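Q:
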Amino acid sequence: MKVAAALLCLATVASARMAYQASDGYLEILGAEPAQNFDCAGRAYGYYADVATDCRVFHVCLPISDDLGEIVETAQFSFFCGNQTMFSQESLTCAHPQEAFPCDQAETLYDLSNADFGKIPEENL
């Protein structure tokens with residue numbers, strides 16, 4: 001039991017460090033440190049546009065379950081789109097602004113675009 005508790009603590013610390021960690025050169029693309037307002041807590045597995053950064057940053061939320069299937073934490077991985085692109089919540093890709101779903105409406109697609117994300121259709125089992 002002590003081992004499980006220690007591993008859980010280490011996993012929590014490690015996953016907290018993954019949010020908003022970007023590769024070198026991100027300031028040249030984003031222009032400034034991104035607002036760190038997005039939180040994966042309570043979100044389903046999937047991709048999420050970060051509206052506070054004008055969708056130039058997106059996150060992958062990954063709920064982590066214990067042996068009983070209870071969610072013990074949600075890992076958050078942050079990424080930024082390439083120069084002059086933004087994350088489109090509709091296609092779950094980085095796209096040019098004129099081709100992307102409007103950023104200010106991205107949150108309206110969170111549930112729809114991630115509803116079947118990571119699930120294997122039963123006919124493929």
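Counting from 1, one number per residue, gives the positions in the sequence shown under UniProt numbering.
Ideal Cβ placement from N, Cα and C applies to all residues, glycine included.
Please read all numbers here as calculations on a predicted model, not as lab measurements.
1) Quick one: grab the DSSP three-state call for Ile-29.
2) Please work out which residues of its chain come closer than 7 Å, Cβ to Cβ, to His-96, disregarding the five sequence neighbours upstream and downstream, and give them in chain order.
3) Just tell me which of Leu-109, Leu-68, Gln-76 has its CA closest to the CA of Cys-40.
4) For Glu-90, does the three-state DSSP call read helix, strand or coil?
5) Could you tell me which residues DSSP puts in a beta bridge with Pro-63?
6) Give the C-beta separation of Glu-90 and Leu-62 to the nearest angstrom, bearing in mind that I take them to be a contact with Cβ-Cβ under 8 Å.
7) Helix, strand or coil for Tyr-110, going by three-state DSSP, please let me know.
8) By alpha-carbon positions, which one of Arg-43, Gly-42, Tyr-20 ends up nearest to Glu-33?
9) What does the alpha-carbon distance come out to for the pair Ala-22 and Glu-122?
10) For the beta strand (DSSP E) that Gly-46 lies in, which residues bound it at each end?
A: Based on what the coordinates show:
1) helix
2) Gln-84, Thr-85
3) Gln-76
4) coil
5) Thr-74
6) With a Cβ gap of about 21 Å, Glu-90 and Leu-62 do not count as contacting.
7) helix
8) Tyr-20
9) 36 Å
10) 46 to 49
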